[in-house]
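Protein chains in written order, with my numbering: chain A, -1 to 292; chain B, 2 to 292. Okay, structure first, notes after.
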Amino acid sequence: MNTLAVQKRIFIVCFLFIPVILLLMFVVYPAIQLFINSLTSWDGISAAKEFIGFKNYKEMIFNSGDVWISLKNNGIYFLVHLLFIPLELMIAIILDSRIKAKGFFKTITFLPYVVNGVAIAYAFSFFYSPYNGALNEMLKAVGLEWAQQNWLSNEKIVNFSLVVISLWRFSGFHVVLFLAGLQSIPKDILEAAVIDGANASQKYAKIIVPSIALVIDFVLFQNMRGALQVFDIPFLVTQGGPGYASSTFTLYTIDTAFSYNNFGMASSMGVTLLIMIIILSWIQKGLFKKVGRG
Amino acid sequence: MKLQNSVGTVKPSVINGKHVRITSVLSYIIMCIITVIVFLPIIITVFASFKTAAQIGIDFPLKMPSFSYLENYITVFTRGKILLGFKNSVLIVVVSLVLNTFLGSMTAFTLNRFNFRFKKVIMALFVIGMVIPVYVTEIARFPLLHSLGVYNTMFAPIIIYAATDLMQIYIYTQFVEKISVSLDESAMLDGCSYFGIFFRIIFPLLLPATATLGIIKAVDIMNDMYIPYLYMPSSKLRTMTTTLMDFSSSRAGSWEILSAAIIVVLIPTVFIYIVFQKFIFAGIVAGAVKE
Chain A
-1 MNTLAVQKRI
9 FIVCFLFIPV
19 ILLLMFVVYP
29 AIQLFINSLT
39 SWDGISAAKE
49 FIGFKNYKEM
59 IFNSGDVWIS
69 LKNNGIYFLV
79 HLLFIPLELM
89 IAIILDSRIK
99 AKGFFKTITF
109 LPYVVNGVAI
119 AYAFSFFYSP
129 YNGALNEMLK
139 AVGLEWAQQN
149 WLSNEKIVNF
159 SLVVISLWRF
169 SGFHVVLFLA
179 GLQSIPKDIL
189 EAAVIDGANA
199 SQKYAKIIVP
209 SIALVIDFVL
219 FQNMRGALQV
229 FDIPFLVTQG
239 GPGYASSTFT
249 LYTIDTAFSY
259 NNFGMASSMG
269 VTLLIMIIIL
279 SWIQKGLFKK
289 VGRG
Chain B
2 MKLQNSVGTV
12 KPSVINGKHV
22 RITSVLSYII
32 MCIITVIVFL
42 PIIITVFASF
52 KTAAQIGIDF
62 PLKMPSFSYL
72 ENYITVFTRG
82 KILLGFKNSV
92 LIVVVSLVLN
102 TFLGSMTAFT
112 LNRFNFRFKK
122 VIMALFVIGM
132 VIPVYVTEIA
142 RFPLLHSLGV
152 YNTMFAPIII
162 YAATDLMQIY
172 IYTQFVEKIS
182 VSLDESAMLD
192 GCSYFGIFFR
202 IIFPLLLPAT
212 ATLGIIKAVD
222 IMNDMYIPYL
232 YMPSSKLRTM
242 TTTLMDFSSS
252 RAGSWEILSA
262 AIIVVLIPTV
272 FIYIVFQKFI
282 FAGIVAGAVK
292 E
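Have a look at this one:
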């Protein structure tokens, strides 16, 4: 072996050693542990882990109603965000059009995604508060006193109150992605279509949507992934309450581990979440393709 | 370019001028509504932060305060120790960022320029990092960090943040690919070692990517809530975000002080966003395109 090859080998080992060790320790090893722990009744503290097979999974499926209530709440986030995707696309189209001050509007639209989410969650807690909360006060001011609510303690409303926070924070992310997609469509194609007499809806259906199919696909995937992993907003604003009314699958899982020291059960929920993300995004992708073709 | 644009604007408006005008008015209305929605919770909080508890009880939330009552902010800085949180946040951000930048660029360069055994395996391992759900990972990572003895020290978040991920490698790789291999070769002929090539030639050329990735990562770390909350319960190790969480739990109901704390925590991220938004947009889009 010549010296160059030796030098090359030394270089590769030196440069990749730390990144790969970190990857193995903090990503791969925990991932494997998650699977292993899910088959035990580990409490997170004791040295011994009792192997109990798939008992956690059975218990979770048949005996933990609350975790499925929590998952239903994830469904609310998923559906509401999904319904807002056409609106987000419309906003992106506006920002891609020739309106004035579009730089300013783009900055505003994306601001919520970048600023501190914890601060925003608490700002909304204040907004919804039954004591001097801004929303109820504003409703009163415009004569809608009858519409005042306990936005965060009414079981029927709380999830929607929280979804609004989620929409406020994350819609701008989709808009920016759509905008990047739109900007990659050559303008002369659109102008040619207009000159040829295409109306607005034809323009969207035949040119815009097909051209940004990849972006739409990515946004749908992010939406599914994000909705299944909702955690910080209910954790900060309601702690999942009242009861489990605003809990989510991840919140319930984290609680199971760190509040109830049931690491085995929590791990099996984590694995289930992983599997759900993979399967549901795969189904969604298939549906999207089918709709696209049909 | 200018000319082309103006030609483009004339034609559609000539064909159906009225239609174009209506849609553009509608566009402004929609964008103004969005601007109001974005600012509403922030403005209400800003106003509340300059009010006394009594004023919050009586005043309409959108009634502007005099902005001369600074008691809430003074409380946030003195009793709230928000500056300690700021210092800790900055320390964690800077150390993690330096480590993360080197690890990320070194990994991307090595994976892009060389062929070796296990290359595919390493790439596949990075994919695992993308698939595992975020918060849930901590259930398995927590016992590990505990046994490494870094629990309740700054090393816990720093180790987690420093590790490179697939998105970072992907963005760096795009830039590494653009740097011609002949540059490497001529440097070698001049007697430069591989290490020299990376640190003297490649790394400086990656600066635009480093800026984009660094800013996004800095914002991510500053905004992160769960990792500092879980791994650094000590009050001396509060970051800005966890200081705010403390405020919320210990001063429940006193909205005027919490509002001031919210605004103080918002300001650094708003500042970074306004100054570096070009980089932030570029990074978000580049990171998304990969999938």
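Beta carbons are placed, not taken as given, at the ideal position from N, Cα and C, and that holds for glycine.
- Take the alpha-carbon of K201(A) and the one of V192(A): they are about 8 Å apart.
- Cβ contact annotation for F49(A) (same chain, cutoff 8 Å, sequence separation greater than five): L37, T38, in chain order.
- The bridge partners DSSP lists for F49(A) are T38(A).
- Note on R167(A): 16 or more other CB atoms within 10 angstroms of its CB, so buried under the neighbour-count rule.
- When rounded, the separation of the alpha-carbon atoms in V217(A) and I133(B) is 19 Å.
- In this chain, the alpha helix (DSSP H) harbouring D185(B) covers 182 to 190.
- Using a C-beta cut-off of 8 Å, the region 206 to 216 of chain B makes no contact with the region 224 to 244 of chain B, since fewer than three inter-stretch Cβ pairs fall below that distance.
- Contact annotation: V207(A) and L150(A) have beta-carbon atoms that are not nearer than 8 Å.
- Q227, F229, D230, T248, T251, I252, A255: these are the residues of the region 227 to 256 of chain A whose beta carbon lies less than 7 Å from some beta carbon of chain B, given in chain order.
- The C-alpha of W256(B) lies about 24 Å from the C-alpha of L142(A).
- Runs of the alpha helix (DSSP H) spanning 4 or more residues and lying entirely within the region 27 to 87 of chain B occur at 54 to 59, 72 to 79, in chain order.
- Straight through space, the alpha carbons of Y120(A) and N157(A) are spaced by roughly 16 Å.
- Ranking R80(B), F78(B), T46(B), R142(B) by CA distance to the CA of F68(B) puts T46(B) first.
- Among the residues facing chain A, F61(B) is included, as its CB has a counterpart in that chain under 8 Å away.
- Taking a contact to require three or more Cβ pairs closer than 8 Å, the region 169 to 179 of chain A and the region 76 to 92 of chain A qualify as touching.
- Less than 8 Å divides the Cβ of I222(B) from the Cβ of Y162(B).
- Nearest CB-CB separation between M32(B) and chain A: below the 8 Å threshold.
- Looking only at K82(B), I30(B), V128(B), the smallest Cα-Cα distance to D247(B) is reached by K82(B).
- DSSP places E86(A) within a helical segment (H, G or I) once states are collapsed to three.
- One thing to note: F103(B) has its Cβ no nearer than 8 Å to the Cβ of L21(A).
- A distance below 8 Å separates the beta carbons of N221(A) and L80(A).
- D253(A) carries a helical assignment under DSSP once its states are collapsed to helix, strand and coil.
- With distances taken between CA atoms, T36(B) lies nearest to F102(A) out of F102(A), F24(A), M58(A).
- A residue is called buried when at least 16 other Cβ atoms come within 10 angstroms of its Cβ; P28(A) meets this threshold and is buried.
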